[in-house]
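Numbering (UniProt numbering), first residue to last: 1 to 194. For reference, the structure is listed below as structure tokens.
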Amino acid sequence: MILDSFVLFWSMLILAFLLIIIGFIYLSYWLPKRFGYKRTGLWLAVTLTAFFISTIIYFIYEDEFFSKNDAKKKLNEHQIELRNDFTIISNSSGGIRDYMHQFTLGISDEDKNLIIEKITNADNFQPGLEDKYVLSSRVDRYSEVDTFFTANYKTANGFVHEHFRPHNIGTAPDFTVITILERDNKLIYEYIID
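Printed below as a string of structure tokens:
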């Protein structure tokens, strides 16, 4: 019953959105045509149609447009720099209220060692934890001042850098986990707005 109402709600919302877009495109054609500018109306309608279709396609295939430069920018936000070439193994994102973006990179031995060194040389490094530290559950979710918290540690699977940024009440905090697998040359990046 709940799932039916959920599907019905989103179906109606999408239908209403499409009807508004179609009406807007038609209006952009009809108004200039009514005043004797048929070509202008046609040009406006085609331009708006192309804009809306390309925007919708971008959101549907957003993960396909993710590039190496995007990965570098995300890592640079945490002062992690990849000096050598790398490959994007996987990339996925999604969620309406709880947004998540995760990608996995194949990195070089040199980059892996540099990142591990950065994590282990951090002042708050904790060696030998059994499982993830989950920084977001250990600090307040909301803060009136612009601040952030980090945790650096080693688990059985690899080396982890966590970054948690709380926001004002009513705004979801940002949570980032960067994991360097010990047995593979892989970097896993997880960004969650929860």
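Ideal Cβ positions, reconstructed from N, Cα and C, are used throughout, including at glycine.
Per DSSP, the unbroken alpha helix (DSSP H) holding Arg-39 starts and ends at 38 to 60. DSSP, reduced to helix, strand and coil, places Asn-84 outside both helices and strands of the structure shown, so it counts as coil. Under the three-state reduction of DSSP, Ala-122 is assigned to coil, being neither helix nor strand. With the rule of 3 Cβ pairs closer than 8 Å, the region 150 to 167 does not count as touching the region 48 to 67. Phe-148 and Asp-85 have their C-alpha atoms roughly 30 Å apart.
Under the DSSP definition of a beta bridge, Gly-158 partners with Leu-181.
The Cβ-Cβ distance between Phe-175 and Phe-159 does not fall below 8 Å. The alpha-carbon of Leu-48 is positioned some 53 Å away from that of Phe-125.
In the DSSP assignment, Gly-94 is bridged to Met-100.
Taking the C-beta atoms as reference points, Ser-93 is found no nearer than 8 Å to Asn-185. CA-to-CA, the gap between Ile-25 and Thr-40 works out to about 13 Å.
Between Phe-59 and Leu-187, the alpha-carbon positions lie close to 25 Å from each other.
With fewer than 16 other Cβ atoms inside 10 Å of its own Cβ, Phe-51 counts as exposed. The beta carbon of His-161 lies closer than 6 Å to those of Ile-119, Asn-152, Ile-178 in the same chain, with the five residues before and after it left out. Membership of Ala-71 in the alpha helix (DSSP H) is indicated by the continuous run 68 to 76. Comparing C-alpha distances from Ile-193 to each of Ile-56, Met-100, Ala-45 shows the shortest one belongs to Met-100.
Under the three-state reduction of DSSP, Gly-106 is assigned to strand. The criterion of a C-beta distance shorter than 8 Å is not satisfied by Leu-18 and Tyr-29. Taking the Cβ atoms as the reference, Ile-116 lies roughly 6 Å from Ile-180, within the contact range of under 8 Å. Take Lys-112, set aside five residues on each side of it, and the residues of its chain with a beta-carbon closer than 8 Å to its own are Ile-180, Asn-185, Leu-187, in chain order.
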